[in-house]
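By numbering that gives the first Met the number 0, the letter at position 35 of the sequence shown is numbered 34, and the numbering carries on one by one without gaps.
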Amino acid sequence: MPVHHNHADIHFTDTGVGRPVVLSHGFLMDATMFDRTRDMFVRSGFRVIAVDARGFGRTEADPAASFTYWDLADDIAAVLDHLAIAGPVTVGGMSQGGYTALRFALRYPDRTRALILASTTARANTADETAQYRSMAATWTDPRALLEPQARALAPLLIGGTAQDQDHWINRWLGDPRRTRTTAAWETLATRDEITHRLHEINCPALVLRGHADQAGGTADDASSLAERLTGAAGISTVIAGPTAGHGVWWTHPEAVAHCTLSFLHSLYTAEQSRASA
């Protein structure tokens, strides 16, 4: 059953047992973007909780009701409350999901054990980027507009990977009869607030992950800024190599992402157990 919170029904999946890892998806995607890595996490002893953000997947909310990424962080907290998970969790996010994860760590530091930040940034948009997003939104949310040219132009930047990787999402976008429900989500993306100056407040361990060819918000500069400013990242960012490793690397390169993230988590909890037994 979804969690009713702040005038929305927040849908999530809950798979496996063990230490909880909460995952938040990228823009124009949904929680199924983690399907290719979920079983690898579960087999490694983690409980995977994947949340559909407002405007996407099976979450239901008023498409005209504005929200922020702080609100999406609160939605995750509501899901954890519903599941009676009070202790700290690892929060992972790709792109938009990373915006949410960072704000969750700032708002709920006692509930954040670690962060996995893929293809994301802490910066706000430039004026030109905001205008570009609003222009794209005008076509995307207009049911009378022809969506396919925009979808096919956007997929290489937003997804990357192979044509098959992209076609999965293009077909879902073109088959969605509720394009207008993303109206508020587009505006949230266009007007997100700047939090770079607050990254020093986040002290938990963090993995900063990006694809080598990402040019859509997970660039080398974005990753370097996170890795340098997040105390727990220790100046380290991980790059998934290859010309097809773009923005949607969590979807397009699941084995490489799982290897990096699970290595990070296992080393984190091994060190924690060693300190506890010392």
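Glycine included, each C-beta is placed from N, C-alpha and C at the ideal position. From a predicted model like this one, the values you see are computed outputs, not experimental measurements.
Nearest-angstrom beta carbon gap, residue j and residue i [assumed within contact, 8 Å]
| i | j | result |
| --- | --- | --- |
| residue 58 | residue 115 | About 21 Å separates the two Cβ atoms, so there is no contact after all. |
| residue 203 | residue 231 | 5 Å |
| residue 32 | residue 185 | 18 Å between Cβ atoms; not a contact. |
| residue 101 | residue 121 | 6 Å |
| residue 50 | residue 15 | Contact flag wrong, Cβ pair sits at about 15 Å. |
| residue 88 | residue 112 | 6 Å |
| residue 237 | residue 208 | 5 Å |
| residue 253 | residue 12 | Contact doesn't hold; Cβ gap of about 16 Å is too wide. |
| residue 245 | residue 221 | Not quite, the Cβ-Cβ distance comes to about 13 Å (not below 8 Å), so this is no contact. |
Close beta carbons around residue i, own chain, < 6 Å, minus the five adjacent residues each side
| i | result |
| --- | --- |
| residue 60 | 7, 53 |
| residue 2 | 9, 77, 78, 81 |
| residue 103 | 72, 75, 90 |
Contact under 7 Å by Cβ, residue i with residue j
| i | j | result |
| --- | --- | --- |
| residue 159 | residue 251 | yes |
| residue 30 | residue 56 | yes |
| residue 217 | residue 119 | yes |
| residue 172 | residue 150 | yes |
| residue 165 | residue 154 | yes |
| residue 191 | residue 98 | yes |
| residue 140 | residue 181 | yes |
| residue 62 | residue 183 | yes |
| residue 219 | residue 156 | no |
| residue 94 | residue 45 | no |
| residue 201 | residue 229 | yes |
| residue 233 | residue 39 | no |
| residue 261 | residue 43 | yes |
Residue i, buried or exposed, once every other Cβ within 10 Å from all chains shown has been counted against 16
| i | result |
| --- | --- |
| residue 199 | exposed |
| residue 23 | buried |
| residue 74 | buried |
| residue 143 | exposed |
| residue 0 | exposed |
| residue 127 | exposed |
| residue 275 | exposed |
| residue 70 | buried |
| residue 86 | exposed |
Among the options, nearest to residue i - alpha-carbon criterion
| i | options | result |
| --- | --- | --- |
| residue 235 | 216, 177, 225 | 225 |
| residue 67 | 214, 148, 5 | 5 |
| residue 264 | 90, 243, 176 | 90 |
| residue 129 | 85, 20, 187 | 187 |
| residue 34 | 222, 270, 167 | 167 |
Close Cβ partners of residue i (< 7 Å) along its chain, the five nearest in sequence each way excluded
| i | result |
| --- | --- |
| residue 241 | 211 |
| residue 255 | 239 |
| residue 197 | 105 |
| residue 84 | 19 |
Beta-carbon proximity list for residue i, same chain, < 8 Å, skipping 5 on both sides
| i | result |
| --- | --- |
| residue 273 | none |
| residue 146 | 138, 139, 172, 173, 178 |
| residue 65 | 183, 186, 187 |
| residue 227 | 234 |
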